[in-house]
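Numbering (the numbering used here), first residue to last: 3 to 321. C-beta: ideal position from N, C-alpha, C; glycine also.
Right under this line is the structure:
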């Protein structure tokens, strides 16, 4: 018994009949749609759209810059739509595919691409201008009483405290943070000895907190953490350098003598630009027997008068 193969519609007829579906297919899959029976193509469209649909990114995950016990940045478990390719190559290719599917003339495509490139260059220039303004204002001169002191730059999360968006037993602080119109509670556990650590070292060092977390979370937390009022400057994510997917704390931006500047951080990526100025501490999560801050405090007190900290920091090790 013979069977009759369904006749496929022409490409133009198909695009006119399914224009909205064809447009979505170009955006998500960038594949041609002119072959195969109508039913099979429609099902393929649906499968591709489902595969290309991502859940909304978790707003909490981008608020606090957290690391694991080994100092590695913790990436959100929520799926996020991949970022646009740097420059405008990805945008241009995508736009060309869309124009081709809609039957726009090649000259019109080129004009539209030129406009996109011009807009992208203007946006990049504006961003660079804003960034240069921020760099100039990152820190002012030392406060009276801090002249002559070395500068001690402290990380916040997993160095001085550990924060969680899930309730924890007996938190030291609960910080309310508003995100997208909703108030979320952040539960904070202090690292053992942090209060005495900052009080003692403030006698010999200018204290700066430099965090890759957002100020809307870190600022109210530091208001409570700084019980001795010794933190002279607070630097946040906007003061970090975004390098290869990580936030780096560039000590050259704080306008202090690099031979007299020390950074304490549990994440090696944070001090990538100045490893000789760093004390890489362990990550604090929930160990209430942790005494690492005591060890660091004793060491920094001993080297407070050295000419160049970079010749001595490699000698530190947890006791």
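Of the residues the options, the one placed nearest residue i, counting alpha carbons only
i, options, result
"residue 177", "315, 218, 271", "218"
"residue 240", "287, 308, 220", "220"
"residue 182", "222, 64, 209", "64"
"residue 274", "292, 213, 283, 252", "252"
"residue 294", "205, 210, 120, 192", "192"
"residue 287", "171, 200, 243, 300", "171"
"residue 208", "282, 152, 315", "152"
"residue 270", "229, 157, 289", "157"
"residue 203", "187, 167, 155, 319", "155"
"residue 143", "210, 276, 314", "210"
"residue 277", "305, 314, 296", "314"
"residue 216", "226, 247, 180", "180"
"residue 213", "244, 308, 206, 189", "244"
"residue 188", "200, 222, 279, 205", "222"
"residue 299", "316, 279, 266", "266"
"residue 292", "302, 305, 320", "320"
"residue 254", "289, 264, 173", "264"
"residue 185", "173, 167, 318, 174", "167"
"residue 230", "159, 200, 246", "200"
Where residue i falls: helix, strand or coil (DSSP)
i, result
"residue 208", "strand"
"residue 192", "strand"
"residue 313", "helix"
"residue 142", "coil"
"residue 296", "helix"
"residue 154", "strand"
"residue 166", "strand"
"residue 54", "Low confidence applies to residue 54: its pLDDT is 41, below 50, so where it sits in the model is not reliable enough to give any reading."
"residue 307", "coil"
Start and end residues, alpha helix (DSSP H) containing residue i
i, result
"residue 196", "196 to 203"
Beta strand (DSSP E) segment containing residue i, residue limits
i, result
"residue 180", "175 to 181"
"residue 259", "Run containing residue 259: none; DSSP gives neither H nor E here."
"residue 267", "263 to 267"
"residue 319", "Segment: none, residue 319 is in no beta strand (DSSP E) and carries neither H nor E."
"residue 281", "280 to 282"
Sequence ranges, beta strand (DSSP E) only - wholly within the segment 214 to 252, length at least 3: 233 to 237, 243 to 245, 248 to 250
Cβ pair count under 8 Å reaching 3, the segment 140 to 153 against the segment 186 to 201: no
At least three beta-carbon pairs within less than 8 Å, the segment 158 to 172 to the segment 258 to 265: no
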